[in-house]
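With our numbering applied, the sequence shown covers 114 to 448.
A virtual CB, placed ideally from N, CA and C, is assigned to each residue, including glycine.
Note that the structure is a prediction, hence the values are computed from the model and not measured.
Here's the structure, in structure tokens; my notes come after.
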Amino acid sequence: MRLAKYNECIFCGSSKLKLILNQNFTHNFYTIAIKNDFKLSDKFFKKMKIFECEKCYIIQNNPWFSKEISFKIFNQVYGQHNRNWSNAINFFQNGIKPNHGKLFNILNKNLKIKNYCEFNVPFMGLMIDFFSKEYEKNINFYKKSFNYSLKYLSSRQVAGVNKASIKKKQKEVQKYLNKLDKIKIKYKLKKSSYINKSIIIDNTYLSWLYNDNYKSVNSRSLASKILDIKFEDFNLIKKTKIYDLFGIFHTLDHTHQPKKILDFALNNSKYVAIYFHSDENLEKQHLFSFTDKFESYLKKRKIFCKNITFEIEKKTKSKEIYLLCSKFYKINLKL
């Protein structure tokens, strides 16, 4: 297997990449899977060197896997987005929402949100928070709606099934669809609590797509049905759309066009919430990652930006950063 060269910054396109000294490589859960599936040696991974962009301050591996290989990594080797699905299961089985500290409460208190959008992944951000605000808090409702949605979607899978079984599955489809509709109507709160929710996808080779499944159901299909989310293709979306808030939750480093995505979010939203890990020891399953200096790059571009990592009071073992940004409004939050 040959590695591809990434001589320009994947984010801003700058060729001013500075080699980071004293690099160390250690395997993790993901690189072990990549190593075993592709039959690679440790020496192969050590060919990937970490560079820092002197313009936008991201760090990236160069050389790294080609687009074709990265597609296989995120859709075959490790096609299921474990954390994404763990967030969904923890909420619908136990009522535990994704951990973003006090972020949702702070944003909901300070911003008037009627149109909300996220990028690429359905259960990593605030979609579950909005869902829990639109429906009564009832663990029995959560469990049943999750179960009905899974059974409704999986009942549509009839390839290789005989005619008698197909008829049986068709009845199951209608049964679970009716059950889901009824229970959502029963527990739905007044209309004023409802907002328009959408997710923009770009089907990048750096993200989880077709094999991000749980019990034969894809995460996007489930989110569309159970969370009432509209999915839109980034390359087809009208660039005149306006959102009150745009959320990017650990997904901007999982696309080959991160600046284009972020620029769209900033140009088409009143506010943009960005969450990313910040670690100078870039792991080899990632092409690139952001750093804590990325905030200064945004400010140089005349973007209003506030680091709210400490304000949300989230307990975490790794280094994480939450930024609230806007191209149009100064950020003054009441905590």
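Minimum Cα-Cα distance from N200 among the listed residues A378, Y442, F362 corresponds to F362.
As summarised for the region 219-284, the continuous beta strand (DSSP E) elements at least 3 residues long and confined to that stretch are 228-232, given in chain order. As DSSP reads the structure, I313 sits in a beta bridge with F232, E345. The DSSP-derived three-state label of K159 is helix. In the three-state reduction of the DSSP assignment, N195 falls in the helix class, which pools H, G and I. Taking 8 Å as the cut-off, the beta carbon of S382 is found closer than this to the beta carbon of Y356.
Of the candidates T404, L375, L340, the residue whose Cα lies closest to the Cα of E393 is T404. Distance check between F441 and each of N420, T429, R414 places R414 closest, using alpha-carbon atoms only. As a beta-bridge residue in DSSP terms, Q173 pairs with F164, F401. Judged by their CB atoms, K210 and I252 are not nearer to each other than the 8 Å cut-off.
Here I133 is not near I171, since their CB atoms are 8 Å or more apart. Excluding residues up to 5 positions away in sequence, S183, F187, H367, T368, H369, L400 lie with their Cβ nearer than 7 Å to the Cβ of L319 in the same chain.
Judged by DSSP in its simplified three-state form, Y318 adopts coil rather than helix or strand. The beta-carbon distance between N197 and D325, rounded to whole angstroms, is 7 Å. This is short enough to meet the 8 Å contact definition. K338 counts as buried, since at least 16 other C-beta atoms from the protein chains shown sit within 10 angstroms of its C-beta.
In this structure, L375 is the residue among L375, S258, K301, I279 with its C-alpha nearest to the C-alpha of D315.
Around A117, the same chain offers P176, W177, F178, S179 as residues with beta carbons nearer than 7 Å, after the five sequence neighbours per side are excluded.
Counting other Cβ atoms within 10 Å of its Cβ, S127 stays below 16 and is therefore classed as exposed. For I182, the secondary structure class from DSSP, reduced to helix, strand or coil, is helix. Bounds of the beta strand (DSSP E) holding A386 are 382-390. Looking at K168, F204, Q398, T353, the one whose alpha-carbon comes closest to that of K250 is F204. When secondary structure is reduced to three states using DSSP, K372 falls in the helix class. In the structure shown, L411 adopts helical secondary structure according to DSSP, grouped into three states. DSSP lists no beta-bridge partner residue for S306. In the DSSP annotation of this structure, the continuous segment of the beta strand (DSSP E) that includes K419 starts and ends at 417-420. Secondary structure at Y435: strand, using DSSP grouped into helix, strand and coil.
The beta carbons of C230 and F347 sit no closer together than 8 Å. I361: member of the beta strand (DSSP E) spanning 356-362, first to last residue. Pairwise C-beta distances place the region 420-432 in contact with the region 211-223, as three or more of them are shorter than 8 Å. Note that the C-beta distance between I434 and N420 is below 8 Å. Non-local beta-carbon contacts of V385 in its own chain, meaning distances under 6 Å to residues more than five positions away in sequence, involve F359, A378, L379, C438 in chain order.
Distances from the alpha-carbon of N207 to those of E167, F259, Q189 put F259 closest.
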